[in-house]
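A.B. asks: Residues 1 to 288 (UniProt numbering) make up the sequence shown, in order.
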Amino acid sequence: MSSRESLLKSASVLVVEDNEFTSRLIATILRKIGVGTVYEAASAWNAFNILNISPVSVILCDLEMEPMGGLAFLTLLRSGRLPEGMTPNAPLDTEIPVAVLTAHTAPEIVKRARDAGATAFLTKPINPTLLQQRLEALLRERASNPVHGNGLLRVVFRSEVAPGVTKEHIKSIMAASQSKNPARGINSMLCFDTTHFLEILEGPHRVVDTLYGKIQADTRHRNVKTAIKDRIDQRLLESWAMLYMGREPPMVDLYRRHCGCDHFAPDRMEPPQIMEFLTEVIGRYRKT
1 MSSRESLLKS ASVLVVEDNE FTSRLIATIL RKIGVGTVYE AASAWNAFNI
51 LNISPVSVIL CDLEMEPMGG LAFLTLLRSG RLPEGMTPNA PLDTEIPVAV
101 LTAHTAPEIV KRARDAGATA FLTKPINPTL LQQRLEALLR ERASNPVHGN
151 GLLRVVFRSE VAPGVTKEHI KSIMAASQSK NPARGINSML CFDTTHFLEI
201 LEGPHRVVDT LYGKIQADTR HRNVKTAIKD RIDQRLLESW AMLYMGREPP
251 MVDLYRRHCG CDHFAPDRME PPQIMEFLTE VIGRYRKT
């Protein structure tokens, strides 16, 4: 896969357009050129609903919509606020590139859109070649920003299970995570026993960073220690998994080789050993 194909495949684009025909046309073009995830929102409210739960790389937004127009949507997005009555799920990414879709190119309209926070412009009717060129430019610019880019982040941490937290509690917690994390673009694997957690999180930089901050403040974890926190180009994980670290002979052999003992002891492993351990565990999980 070329870097260009990889850039598009890893992207998620939100089309905010109240004209159903135009929205479907743009979405079809995006999928045809290889964009990995395409969201469609028929209103600004629907767009904020998506942004509230899902990572988005670039927004393509119509200016003329009802009841909230494109300029009002942009202004609210850049302020980091949701529409009144909508409950925040995670902090809004106020720096998502927004390409405005409009049939009007008058200087005063362009200026108003720029002032509201527009990053780029696309004139209707949409030219597929120009759309791809503009989208790739926005994605490259965003990916090059180490703080606000929509590149991938990998976090691996180890912690101790807090007193009173049982195996059943952990299963219920992870079931909730399983229902939320895929929508946020996060893949994860939790390895645990009755005393320790070892988890790997992979996904969009800002989303993973926010989630990890919540985990660090979670009282069900004690002595949370970051083992690895790196920007990555490719995920190690394909989905979500939770694995109990038992005492079966193959697992004991794994512990002896990586932990230097006959039980699950992530606190005894250095970062390189942790990645070797996780890579082997992930390989075994894929074979089951």
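Ideal placement from N, C-alpha and C gives every residue a C-beta, glycine not left out.
(1) Kindly say whether Arg-256, judged by its beta-carbon, lies nearer than 9 Å to any beta-carbon of chain D.
(2) Rounding to the nearest angstrom, what Cα-Cα distance links Ile-29 and Leu-278 in this structure?
(3) On the DSSP bridge assignment, give the partners of Thr-123 in chain order.
(4) At a cut of 8 Å, does the segment 187–207 reach the segment 152–168 through at least three beta carbon pairs?
(5) Using only alpha-carbon positions, find the residue among Asn-19, Arg-4, Ala-47 and Asp-115 that is nearest to Val-13.
(6) Assuming contact is defined by CB atoms lying nearer than 9 Å, are Val-252 and Glu-202 in contact in what I supplied?
(7) Measure the C-alpha to C-alpha separation of Pro-204 and Gln-234 and round it to an integer number of angstroms.
(8) Assign Phe-21 to one of two classes, buried (16 or more other C-beta atoms within 10 Å of its C-beta) or exposed (fewer than that).
(9) Smallest Cα separation from Cys-259: which of Gly-246, Ile-274, Glu-248 and Gly-283?
(10) If Leu-138 and Val-58 are in contact, beta carbons under 8 Å, what's the gap, nearest whole angstrom?
(11) Taking the Cβ atom as the reference point for each residue, do Gly-185 and Pro-55 lie within a distance shorter than 9 Å?
(12) What is the DSSP secondary structure of Asn-49, counted as helix, strand or coil?
(13) Report the start-end ranges of each beta strand (DSSP E) in the segment 179–231 that is 3 residues or longer and not cut off at the edges.
(14) I'd like to check one pair, Ile-50 with Ala-90: are the Cβ atoms closer than 9 Å?
(15) Check Val-56 in the structure and name its three-state DSSP category.
(16) Just the C-alpha distance for Leu-71 and Arg-231, rounded to the nearest angstrom, thanks.
(17) Report the partner residues of Cys-61 according to the DSSP bridge assignment.
(18) Apply the 10 Å Cβ neighbour rule to Met-86 and answer buried if 16 or more other Cβ atoms are within range, or exposed otherwise.
(19) Just reading off the beta strand (DSSP E) that Ala-41 is part of, what are its end residues?
(20) Kindly indicate the opening and closing residues of the beta strand (DSSP E) around Met-242.
(21) Does DSSP put Leu-236 in a helix, in a strand, or in coil?
(22) Distance check for Ala-44 and Arg-81, CA to CA, integer angstroms please.
(23) For Asn-187, which residues in the same chain have their Cβ closer than 8 Å to its Cβ, ignoring the five residues on either side in sequence?
(24) Which of helix, strand or coil does DSSP assign to Arg-81?
(25) If you draw a straight line from the C-alpha of Met-269 to the C-alpha of Phe-157, how long is it?
(26) Under the rule that 16 or more other beta-carbon atoms within 10 Å means buried, what is Ala-106, buried or exposed?
(27) So is Ala-113 buried or exposed if we call it buried at 16+ other beta carbons inside 10 Å?
(28) Could you tell me if Glu-108 is buried or exposed, where buried requires 16 or more neighbouring beta carbons within 10 angstroms of its beta carbon?
C.D. replies: Once the coordinates are examined:
(1) Absence of chain D from the displayed structure is noted, only one protein chain being present.
(2) 38 Å
(3) Thr-102
(4) yes
(5) Ala-47
(6) no
(7) 11 Å
(8) exposed
(9) Ile-274
(10) 5 Å
(11) yes
(12) helix
(13) 187–192 and 196–204
(14) no
(15) coil
(16) 33 Å
(17) Val-16 and Val-100
(18) exposed
(19) 37–41
(20) 240–244
(21) coil
(22) 13 Å
(23) Asn-181, Leu-201, Glu-202, Gly-203, Arg-235, Leu-237, Glu-238, Ser-239 and Trp-240
(24) coil
(25) 11 Å
(26) exposed
(27) buried
(28) exposed
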